[in-house]
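Student: Sharing a structure with you now.
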Amino acid sequence: MKMESLAYALRRPNRPWYWYLFLGMFPGLIWLAIRDISLAETMGILSRLRVRSLLILVAVNGVIFFTMTARWRLLLAALGYRIPYLRLIGYRLAGNAVSYFTPGPQFGGEPVQVYLLHRQPTRAHPAVPVETATTAVALDRLLELLVNFSVLLCGITY
1 MKMESLAYAL RRPNRPWYWY LFLGMFPGLI WLAIRDISLA ETMGILSRLR
51 VRSLLILVAV NGVIFFTMTA RWRLLLAALG YRIPYLRLIG YRLAGNAVSY
101 FTPGPQFGGE PVQVYLLHRQ PTRAHPAVPV ETATTAVALD RLLELLVNFS
151 VLLCGITY
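Reading the sequence shown from the start, the letters are residues 1 to 158 in our numbering.
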């Protein structure tokens, strides 16, 4: 995103009321997320990590994240919508951010992903109908859960 378009997006006067509500709640949500975290304990744990280990963790996490986004893009393409990969990365990051603040480890950001797919049309990429966006997100989540449960079953069995 260009800096000019980011500046325009931030100062757009026709924002809905709930956007301002979220913006006002954001500092409180951050505080709720980190209030019980001991800075000294966190720094102690991080200091035990080697740079190489940290880089490996970041790389593996990145590969998983980009692979999951590619899977979602393939599902959308199979449903007839070719959304740019970078745009889907942003949508998935937004969904993950919302999931971080909602209860439960597996669900929360999916409605945000459906909303973004439906409400972010461009000339080259029309809005995805709500039904199709919901189907793509649900199938993506179903595939992820299927893999997770398969790994869990293998771990229990062996």
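Yeah, the Cβ is synthetic: ideal placement off N, Cα and C, and Gly gets one too.
State the start and end residues of the unbroken alpha helix (DSSP H) segment that holds Val27.
Tutor: Residue mapping note: residue 27 aligns to position 27 of the sequence shown, counting from 1. Strictly speaking, residue 27 in this sequence is Pro, with Val absent from that position. First-last of the alpha helix (DSSP H) with Pro27: 17 to 34.
Student: Taking the beta carbon of Val63 as the centre, do at least 16 other beta carbons fall within 10 Å, making it buried, or is it exposed?
Tutor: For this step, residue 63 is matched to residue 63 along the sequence shown. Classification for Val63: exposed.
Student: Under the rule that 16 or more other beta-carbon atoms within 10 Å means buried, what is Ile83, buried or exposed?
Tutor: One-based indexing of the sequence shown puts residue 83 at position 83. By the neighbour-count rule (16 or more Cβ atoms within 10 Å), Ile83 is buried.
Student: Three-state secondary structure (DSSP) at Gln113?
Tutor: Position 113 of the sequence shown holds residue 113. If DSSP states are grouped into helix, strand and coil, Gln113 belongs with the helices.
Student: Under the rule that 16 or more other beta-carbon atoms within 10 Å means buried, what is Trp72, buried or exposed?
Tutor: Working through the sequence shown from its first residue, we reach residue 72 at position 72. Burial call: buried.
Student: Judging by CA-CA distance, which residue of Tyr91, Ala138, Leu142, Ala97 is the nearest neighbour of Arg117?
Tutor: Along the sequence shown, one-based indexing puts residue 117 at 117. As written in the sequence, residue 117 is Leu, which differs from the Arg given in the question. When only C-alpha atoms are compared, the closest one is Tyr91.
Student: Return the chain-ordered list of same chain residues with a C-beta closer than 7 Å to the C-beta of Leu88, the five sequence neighbours on each side being excluded.
Tutor: Here residue 88 corresponds to residue number 88 of the sequence shown, with the count starting at 1. Correct list, in chain order: Thr69, Trp72, Arg73.
Student: Hey, quick one: how far does the alpha helix (DSSP H) through Asn148 stretch, first residue to last?
Tutor: For this step, residue 148 is matched to residue 148 along the sequence shown. Segment 130 to 157, the alpha helix (DSSP H) holding Asn148.
Student: Just to confirm my understanding: we take Glu110, look at its own chain, exclude 5 residues before and 5 after, and list those with CB closer than 7 Å. What are they?
Tutor: For the purposes of this step, residue 110 is identified with residue 110 of the sequence shown, where counting begins at 1. Excluding positions up to five away in sequence, the list reads Gly95, Val137, Arg141.
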